[in-house]
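Asker: Before anything else, here's the structure in question.
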Amino acid sequence: AAGLRDDATHTTKAEDGTQMRVHTSPAGQGRPGVAISVAVSMKQVTDPLTQLAWVLLIVSGIGVLGAGAAGLWIARAGLRPVDELTEAVEHVARTEDLTVRIPVDGEDEIARLSSSFNSMTAQLASSRDRQAQLIADAGHELRTPLTS
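Taking this note's numbering, the leading residue of the sequence shown gets 2, the next gets one more, and so forth.
Spelled out as structure tokens, the structure:
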């Protein structure tokens with residue numbers, strides 16, 4: 002402690018290998034060579050920090066998983082109208098059933114597309130009905146002789 006004028010703190014290892022934090026302060030008001038040293042095991046500092054690190058890791062992991070699940074749910078909910086529209090279009094392509102209609106909810110782009118799909122299938126169904134009527138009329142005219 003000779004020459005010690007100010008407080009000093011350092012880390013050292015005890016004989017058993019334990020990390021120790023040592024703080025030394027001059028004592029004895031003006032008497033040189035007198036100091037007080039206090040040593041504390043670093044385990045008292047590192048154990049709570051290690052526990053805190055684990056808690057933060059677990060909480061952040063849960064937060065990331067929760068955010069991912071919420072994002073997936075929101076994306077699926079947002080794309081549900083697109084899936085319904087896709088299913089309807091695929092159904093018409095497979096079956097040529099022009100009576101399929103899609104519910105129109107709201108006024109966004111998907112609603113406009115659904116409305117356009119409904120109009121298109123209605124027009125196609127009407128055109129198909131007119132074509133069938135024309136063919137039936139022509140067939141009737143061909144089978145029935147003209148009377149003069």
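Using N, Cα and C, we set each Cβ at its ideal position, and we do this for glycine too.
Alpha carbon to alpha carbon, how far is Gly-79 from Ala-71?
Answerer: Computed Cα separation, rounded: 12 Å.
Asker: So if DSSP puts Ser-26 in a beta bridge, which residue, or which two residues, is it bridged to?
Answerer: In DSSP, Ser-26 forms a bridge with Ile-37.
Asker: By the DSSP assignment, the alpha helix (DSSP H) with Thr-47 in it spans what residues?
Answerer: It spans 44-96 - the alpha helix (DSSP H) in which Thr-47 sits, taken as one unbroken run.
Asker: Would you mind sorting Pro-27 into buried or exposed? The rule is 16 or more other CB atoms within 10 Å of its CB.
Answerer: Counting Cβ neighbours within 10 Å, Pro-27 comes out buried, since at least 16 surround it.
Asker: Helix, strand or coil: which one does DSSP assign to Ala-3?
Answerer: The predicted model places Ala-3 with a pLDDT of 49, which falls under 50 and marks its position as unreliable, so this point remains unresolved.
Asker: So Thr-145 is in the alpha helix (DSSP H); what residue range does that whole segment cover?
Answerer: Per DSSP, Thr-145 belongs to no alpha helix (DSSP H) and is neither H nor E.
Asker: Is the number of C-beta pairs between the stretch 120-137 and the stretch 90-106 that are closer than 8 Å three or more?
Answerer: In short, these stretches touch, since the Cβ pair count reaches three.
Asker: Per the contact definition of three or more C-beta pairs closer than 8 Å, is the stretch 12-21 in contact with the stretch 33-42?
Answerer: Yes, the stretch 33-42 touches the stretch 12-21.
Asker: Classify Ser-117: buried if its beta carbon has 16 or more other beta carbons within 10 angstroms, exposed otherwise.
Answerer: Ser-117 should be labelled exposed.
Asker: Let's test the definition: count the other Cβ atoms within 10 Å of the Cβ of Pro-82 and tell me whether it reaches 16, buried, or not, exposed.
Answerer: By the 10 Å Cβ count, Pro-82 comes out buried.
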